[in-house]
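Heads up: the sequence shown runs through residues 1 to 216, numbered per the numbering used here.
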Amino acid sequence: MKKLVIFGFDGTIADTSPGILYCFNTTASSMGYSPVDHDALYGIIGVPLEEGFKKLYNMKDDEIEYAANNYSKLYSQKGKEMFTLYDGITQTLQELKKSGCKLAIATQKHHMFTTDMLDVYNLGDMFDAVCATDVNTNLDKSDLLLKACNLTGMSVEDSILIGDSDVDAEGAQIVGMDFAAALYGWGFKTREEAEKYRCVTCFDTPADIYLKLSLI
1 MKKLVIFGFD
11 GTIADTSPGI
21 LYCFNTTASS
31 MGYSPVDHDA
41 LYGIIGVPLE
51 EGFKKLYNMK
61 DDEIEYAANN
71 YSKLYSQKGK
81 EMFTLYDGIT
91 QTLQELKKSG
101 CKLAIATQKH
111 HMFTTDMLDV
121 YNLGDMFDAV
131 CATDVNTNLD
141 KSDLLLKACN
151 LTGMSVEDSI
161 LIGDSDVDAE
171 GAQIVGMDFA
181 AALYGWGFKT
191 REEAEKYRCV
201 TCFDTPADIY
211 LKLSLI
């Protein structure tokens, strides 16, 4: 088994889609755009906000900065409270810790939001490193993965990223890290989409993670 297991957050640890959809649609509706339904979030969660507004609403370039700022304000006020952990993820984290693995998070969500959400379920102490973005920083997924390795003292070769999206898979590919796909999230619609990235394994549920990782 790998010595360091790195998780994405949105779509891997937690289903944050209700809050994300609320902030996207509330912002877009206030600007005269029609709201989208929940399924429109496939492939959107995890990408930069500017790209999300462009893809979901075909928003004009000169409106996107305002939209992104408004989204962030809404998310800090209400959106961050609209989430649940995926069933089985807490037990999986406990099993990995008991086996001696170090755990980390690599997410482009704001660091404050990430830690606040982990604390709601008393999960903050489970992770040896929480690598996220902060004000005036714009770290790519690959940067966050290398930061997680540095903070935990682990090599890329001894680490694996579990994520649910193209962004996760591409970040791992850039740094040469093994990648495993969470198919229960909001990035990959099918196993075939994930396997384009030569992922080492796929998880249909969080309960699959410990057993499959123990075989790698």
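Ideal Cβ positions, reconstructed from N, Cα and C, are used throughout, including at glycine.
Predicted, not measured: the structure shown is a model, and the values here were computed from it.
Residues in the same chain with beta-carbon distance under 7 Å from residue i, minus the five sequence neighbours each way, listed in chain order, please.
i: Thr152; result: Leu4, Lys102, Ala104, Asp128, Ala129
Whose CA, out of the options, lies closest to the CA of residue i?
i: Gly171; options: Arg191, Lys2, Ile6; result: Ile6
i: Thr90; options: His111, Ile216, Tyr210; result: Tyr210
i: Gly88; options: Ala207, Asn70, Leu213, Trp186; result: Ala207
i: Met37; options: Gly46, Gly19, Met31, Glu51; result: Inspection of the sequence shows that residue 37 is occupied by Asp rather than by Met. Nearest option by C-alpha distance: Gly19.
i: Asp158; options: Glu51, Ser165, Leu146, Val167; result: Leu146
i: Asp15; options: Tyr42, Gly124, Leu74, Asn138; result: Tyr42
i: Ala40; options: Thr114, Cys131, Ser99, Gly187; result: Gly187
i: Ile162; options: Phe83, Gly8, Thr84; result: Gly8
i: Leu123; options: Thr107, Gln94, Tyr75; result: Gln94
i: Gln77; options: Met112, Arg198, Gln173; result: Met112
i: Glu50; options: Met31, Ser30, Ser99, Tyr71; result: Tyr71
i: Tyr197; options: Thr205, Gly176, Asp204; result: Gly176
i: Thr26; options: Val200, Thr133, Lys73; result: Lys73
Go through its chain and collect everything with a Cβ distance to residue i's Cβ below 6 Å, but skip five positions before and after it.
i: Gly185; result: Gly11, Thr12, Asp164
i: Ala148; result: Ile6, Ala104, Ala106, Ala129, Cys131
i: Tyr81; result: The residue asked about is misnamed: residue 81 is Glu in this sequence, not Tyr. Cβ within range, chain order: n/a, list empty.
i: Tyr219; result: Look at the range of the chain in this structure, 1 to 216, and you will see that residue 219 is not part of it.
Using DSSP bridges, identify the partner residues of residue i.
i: Lys102; result: Leu4
i: Asp178; result: Ile160
i: Phe203; result: Ala182
i: Ala14; result: Asp10, Leu85
For residue i, count neighbouring C-beta atoms within 10 Å of its own C-beta (all shown protein chains included) and say buried if the count is 16 or more, exposed if not.
i: Asn138; result: exposed
i: Leu144; result: buried
i: Asp168; result: buried
i: Lys109; result: buried
Looking only at its own chain, which residues have a Cβ that is under 8 Å from the Cβ of residue i, when we skip the five neighbours before and after it?
i: Lys2; result: Cys101, Asp158, Ser159, Ile160, Asp178, Leu213, Ile216
i: Phe203; result: Ile162, Ala180, Ala181, Ala182, Leu183, Tyr184, Ile209, Lys212
*Those runs of the alpha helix (DSSP H) which lie wholly inside the segment 94-147 and span at least 4 residues*: Restricted to the segment 94-147, the alpha helix (DSSP H) segments that are unbroken, complete and at least 4 residues in length are 111-120, listed in chain order.
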